[in-house]
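One structure is given below, encoded as structure tokens.
Residue numbers (this note's numbering): 75 to 270.
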């Protein structure tokens, strides 16, 4: 089956085939991707996928309420954990982002309700034929980044926000010849019909 050429490793292929670009509305999963996309800055996504299970263990399965309460002792433990990226700034950002995430949930009822506003509640369907056509950022990711930064989030630049949007299905950036492109479109249409 033809798939996006970036999916080369076993983990990368599994991630591509099962998760990437699928509209996600679960706040815990949205927080997980927000943290992981920030951690990925300067690294390859394959490195993060290899460490993903370690991150789930180390960060209490991305329970934002628990992460928001991490103290200096927990930070020291995380910095000693070889299973994750031991970067003090990125660990501090995850904790700060958990606090900001909870504030957004309180204001909007859910992070899902907040973040999907940047695409008017509906995934953007692109029609890229090559990886070179896919932008690193868009006006939507710029707007998301600006608002997240205003709310105190860290490691949420426009490029990180666009990678987040791709991951959680706010945009369908599978290439048009990739088998997942049409699968995701069909699934989205079925959900719309079901809602009617």
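Don't be surprised by glycine CBs; every beta carbon is placed ideally from N, CA and C.
Note that this is a predicted model, so its numbers are computed, not measured.
Distance between residue j and residue i (C-alpha atoms, nearest Å)
i	j	result
residue 93	residue 257	12 angstroms
residue 75	residue 135	33 angstroms
residue 241	residue 96	7 angstroms
residue 187	residue 77	31 angstroms
residue 208	residue 234	14 angstroms
residue 252	residue 155	37 angstroms
residue 202	residue 249	5 angstroms
residue 200	residue 259	11 angstroms
DSSP bridge partner residues for residue i (one or two, in chain order)
i	result
residue 178	Answer by DSSP bridge pairing: none, since residue 178 is not bridged.
residue 246	199
Cβ neighbour criterion (16 or more within 10 Å) applied to residue i
i	result
residue 84	exposed
residue 167	buried
residue 246	buried
residue 125	buried
residue 108	buried
residue 127	exposed
residue 160	exposed
Pick from the options that is closest to residue i, judged by C-alpha positions
i	options	result
residue 112	150, 75 and 236	236
residue 302	222, 120, 106 and 103	Outside the shown range of the chain, which is 75 to 270, sits residue 302, and nothing can be said about it.
residue 183	150, 99, 90 and 116	99
residue 172	117, 159, 78 and 229	229
residue 274	253, 218 and 227	Residue 274 cannot be examined here, being either before or after the span of the chain that is shown, 75 to 270.
residue 118	86, 152, 106 and 146	86
residue 243	80, 91, 79 and 82	91
residue 81	162, 159 and 205	205
residue 221	261, 195, 212 and 189	189
Nearest-angstrom beta carbon gap, residue j and residue i [assumed within contact, 8 angstroms]
i	j	result
residue 115	residue 175	With a Cβ gap of about 18 angstroms, residue 115 and residue 175 do not count as contacting.
residue 153	residue 165	7 angstroms
residue 105	residue 185	7 angstroms
residue 197	residue 215	Their Cβ separation, rounded to whole angstroms, is 14 angstroms, which puts residue 197 and residue 215 out of contact at 8 angstroms.
residue 157	residue 177	So it is not a contact: roughly 29 angstroms between Cβ atoms.
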